[in-house]
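Chemist: Sharing a structure with you now.
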Amino acid sequence: MARLHLGVDVGGSSIKAGLVDIDTGALAVDPVSRVTPSPATPQAIANAICALAKQFPGGGRVGVGVPAVVKQGRTWTAANIDAGWIGVDVGALLSKALGRPAAFLNDADAAGLAEMRFGAGRGVPGTVLVLTLGTGIGSAPFIDGRLLPNTEFGHLLLHGASAELHASARVRVEQGLGWQEWGARLTEYLVYMERLFWPDLFILGGGVVEQFDEFAPFLSTRAPVVPAALGNHAGIIGAALAAA
Ligand code: BGC
């Protein structure tokens, strides 16, 4: 019998949830989503997650990827969510609201775990850097398949500010950048990552990779760059894996 757990991906613009077969990485049904509440306080997000989880009744566990550093069940940063998240015991908050245990992890770490288990990084040795391009830039480096969690490479300084303010997918839309211009910015960031970490492979995630073919011609790096094989569902799938 399939082992199904609920994966939730909390993003800057939407919260997505799906029931995942953790042995195959397949989604049992189409994921559901809601607009991220504003302000995105812990309680408002917990309420939204509860509303989504109600659409998947059953005994499975719940895993949640959040755009923050998560250590010992607490969130410690809040770049693209409400500052009220800092120091919160999110596991306790959500387990209470849901009435079932909930596991938390960083959203990019979740996407990375899914890609390494079921997607573009499956069986790839050496240093693999998974980067998620969305409201911010999330990072998940793997060495021979093992994750170094909570790395926050999107906040390394580029042109004097967090790199995500220069090259995230949100910046492309907000500044009306064409694919070539944004591709050049992304290349600048990827080359910066190469200078520091010398990855053997980059895996790019986030909704924008649905248009990978549009910007791939403008990327120029030493290591190969591939789109996330699980697309925008990687975060949901990885969160469910963490729950298990
Ligand atoms: C956050 C990270 C997160 C990334 C992608 C960044 O602004 O600091 O924790 O993984 O955005 O959502």
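The sequence shown lines up with residues 48 to 291 when you count with the numbering used here. Where is the CB? At the ideal position from N, CA and C, for every residue including glycine. The model shown is predicted, which means the values in this text are computed figures rather than measured ones.
Buried or exposed: which applies to V57, given that a residue is buried once 16 or more other Cβ atoms fall within 10 Å of its Cβ?
Modeler: Buried, because 16 or more other Cβ atoms sit within 10 Å of the Cβ of V57.
Chemist: Give the single residue among G254, D260, S267, V55 whose Cα lies nearest to the Cα of N303.
Modeler: No answer is possible for residue 303: it lies beyond the span of the chain, which begins at 48 and ends at 291.
Chemist: Where do the N-terminal and C-terminal ends of the beta strand (DSSP E) with V82 fall, by residue?
Modeler: Residues 79 to 82.
Chemist: Does the structure place the segment 131 to 150 close enough to the segment 242 to 253 that three or more beta carbon pairs sit under 8 Å?
Modeler: The segment 242 to 253, when compared against the segment 131 to 150, does not touch it at the 8 Å Cβ threshold.
Chemist: Go through its chain and collect everything with a Cβ distance to T182's Cβ below 6 Å, but skip five positions before and after it.
Modeler: So the list reads G59, N127, R217, once near-sequence residues are dropped.
Chemist: Taking the alpha-carbon of A130 as reference, which of E221, L194, A91 has the nearest alpha-carbon?
Modeler: Measuring from the Cα of A130, the nearest candidate turns out to be A91.
Chemist: Taking just the CA atoms, how far does Q102 sit from L176?
Modeler: Cα to Cα, the separation comes out at about 34 Å.
Chemist: Hey, which unbroken runs of the alpha helix (DSSP H) at 4 residues or more fall wholly within the segment 87 to 115?
Modeler: As far as the segment 87 to 115 is concerned, its whole alpha helix (DSSP H) runs of at least 4 residues are 89 to 100.
Chemist: Between V117 and L53, how many whole angstroms is the CB-CB distance? I'm expecting something under 8 Å.
Modeler: Not quite, the Cβ-Cβ distance comes to about 17 Å (not below 8 Å), so this is no contact.
Chemist: Would you kindly check if the distance between the Cβ of L233 and the Cβ of L266 is under 8 Å?
Modeler: Cβ atoms of L266 and L233: closer than 8 Å.
Chemist: Distance check for A155 and L74, CA to CA, integer angstroms please.
Modeler: If I take the Cα positions, the gap works out to 19 Å.
Chemist: Going by C-alpha distance, which of Y239, A208, A187, A161 is nearest D70?
Modeler: Minimum Cα distance to D70 is reached at A161.
Chemist: Would you call the CB atoms of P78 and A64 closer than 8 Å?
Modeler: Against a cut-off of 8 Å, the Cβ pair of A64 and P78 comes out as a contact.
Chemist: Whole-angstrom Cβ separation of G252 and A231, contact assumed at under 8 Å?
Modeler: Actually they do not touch by this definition, with Cβ atoms about 20 Å apart.
Chemist: Is there at least one non-hydrogen atom of ligand 1 closer than 7 Å to the beta-carbon of E14?
Modeler: Because the chain is modelled from 48 through 291, residue 14 falls outside the range shown and cannot be assessed.
Chemist: Out of A87, F200, G72, state which residue places its alpha-carbon closest to the alpha-carbon of I62.
Modeler: Per the Cα distances, A87.
Chemist: According to DSSP, which residues form a beta bridge with A75?
Modeler: For A75, which the question treats as bridged, DSSP gives no partner whatsoever.
Chemist: Taking 6 Å as the limit between beta carbons, can you name the residues of its chain near R219, skipping five residues before and five after?
Modeler: The answer, listed in chain order, is W229.
Chemist: Can you say whether P188 is buried or exposed, counting buried as having 16 or more other CB atoms within 10 angstroms of its CB?
Modeler: Buried, since its Cβ has 16 or more Cβ neighbours within 10 Å.
Chemist: Taking the alpha carbon of P89 as the point to measure from, which residue in N197, A144, L66, V67 has its own alpha carbon closest?
Modeler: Answer by Cα proximity: A144.
Chemist: I want to see whether chain C comes within less than 8 Å of P104, judged by CB atoms only; does it?
Modeler: Absence of chain C from the displayed structure is noted, only one protein chain being present.
Chemist: Can you check the segment 204 to 284 for any alpha helix (DSSP H) of at least 4 residues that lies completely inside it and give the ranges in chain order?
Modeler: Segments of the alpha helix (DSSP H) lying fully in the segment 204 to 284: 211 to 214, 216 to 221, 226 to 244, 259 to 262.
Chemist: Specify the secondary structure class of G120 as computed by DSSP and reduced to three states.
Modeler: Three-state result, G120: coil.
Chemist: If we count the other Cβ atoms within 10 Å of its Cβ and call it buried at 16 or more, is P114 buried or exposed?
Modeler: Buried, by the Cβ-count rule.
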